[in-house]
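Under my numbering, read the sequence shown as residues -18 to 349, first letter to last. By construction, the Cβ of each residue, glycine as well, lies at the ideal position given by its N, Cα and C atoms. Structure first, commentary second.
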Amino acid sequence: MNPAALGISAIAVHQPSWQLDNAWFGPAMPRKFFHHTGIESRAISLDDEVTMGIAAVRKLQRETGCSLADCRGIVFVSPSFIPASIARRHLDAAGAARERPGRAAREIARQLGLTRCRTIGINWFCCGFTRALSLVSHRWAPRLGLRRDEFVLVVVASRISRITDYANVQTAGLFGDMASATLLATPASRRHPIHFDIVHATAEKQQVEKPAFDFVVRDHVPVPAPDGGTSHDDARLVYALDGMAIAEIAPRAMSAAVGKALAEAGLGAADVNFVVPHQAGTGIVRFAGMKLDELGVHGELVNGLTRRTGNVSACSVPHALHETWSRLTGLVACPTAAVGAPGRPEALQGCVLLRSTPHHDRRATVAA
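In structure tokens, the structure reads:
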């Protein structure tokens, strides 16, 4: 047995209760928005990312009975944290410090009472979960030497609503808020048996023709209120996204990531039973499926999970795995694509290859 081998034992998802429907945007929302994205509504969180992440961990505890005394590490991922270069330019020192994912990771560990727990915080936008699994698999696992029932948590908290330009109806409806907690354990664990072995995990940067993402300050931006009304921010730091460019880049990036992951793992396209891609929107996933077909990857494509969530960014893959958990068997490819650093001509792509374990397959058979 590989002492550094890890797998996914459980996933918990926390979705805020406030749902913002497309109706809030009124007639300004493009008529084809739902057709292209599959999004009817999205969750908006009134809590910050640390609070959301803790809520996901507490839910994982309730659902699995896991003891945090066995947690050896937390990787905190947040695509809604403002990158350091932007934070230093637009925020005061205290505000910029609050945008550090590493600081948030330590705060989560502190609030959970974990005093001897390794922590790290990352962003990596919609590829954050993929990047986290890559870091744990390649850097942490060989060094931690997890004992039989010890585990690592990957906690993702996405609150992109706080950096959304709600006056831009082309992009304002794309994202929703969500948090997730994923428990990674070793094959030897009896308390937390693995459902999916991590066969391969990688995430990397790629150069593109021009920047498709940045941050800007907008004046007098409308902001939704929980009562269905609207307030306004006099000056709001928001993301600016070239949606058309992303729609062109993302499907190709995801299919390329699957092809590269399979080659590096010594597997073939025909080995893939399921593809669980980043749920950026139904149209992008359909296009990614077409590109995967060209590679000979014909496994069942999971799509259509954005209707009541929107694009939940780095929470997308754990959420999709959670929603399709019982029917996933065999080799599962989970590709992701994302914007790169603000103002830079780059994109991110990655892929996690999972294989269902005999423990998972037995339970799936019983459930069926």
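Sequence-distant Cβ neighbours of K191 in its own chain, meaning closer than 7 Å and more than five residues away, are P326. Residue R308 holds the alpha-carbon nearest to the alpha-carbon of R343 among P323, L(-13), S59, R308.
If you check the CB distance, S61 and C296 do not come in under 8 Å. By the Cβ rule, the stretch 20 to 29 counts as touching the stretch 281 to 290, because three or more pairs are nearer than 8 Å.
Apart from the 5 residues on each side of it in sequence, Q0 sits with its Cβ closer than 8 Å to the Cβ of S22, R23, A24, I25, R289 in its chain, given in chain order. As for any beta strand (DSSP E) of minimum length 3 sitting wholly inside the stretch 292 to 337, the runs are 312 to 320, 327 to 337, ordered along the chain. Distance from the Cα of E185 is smallest, within the candidate group T305, P205, P316, for P316. In the structure shown, K13 falls within a coil segment according to DSSP collapsed to helix, strand and coil. Linking G54 to E80 through their CA atoms gives a straight-line distance of about 21 Å.
When DSSP reads this structure, L165 sits in a beta bridge with I(-11), V133. In the three-state scheme derived from DSSP, where H, G and I count as helix and E and B as strand, T211 is classed as strand. Straight-line measurement puts the Cα of A36 at about 20 Å from the Cα of P207. With a contact defined as Cβ atoms closer than 8 Å, A314 and A242 qualify at about 7 Å. Taking 8 Å as the upper bound for CB-CB distance, G102 and G126 are not in contact here, some 23 Å apart.
When DSSP states are grouped into helix, strand and coil, T32 belongs to the helix group. In this structure the stretch 164 to 171 does not touch the stretch 86 to 104; the number of beta carbon pairs closer than 8 Å is below three. For G280, no beta strand (DSSP E) segment is defined, and its DSSP state is neither H nor E.
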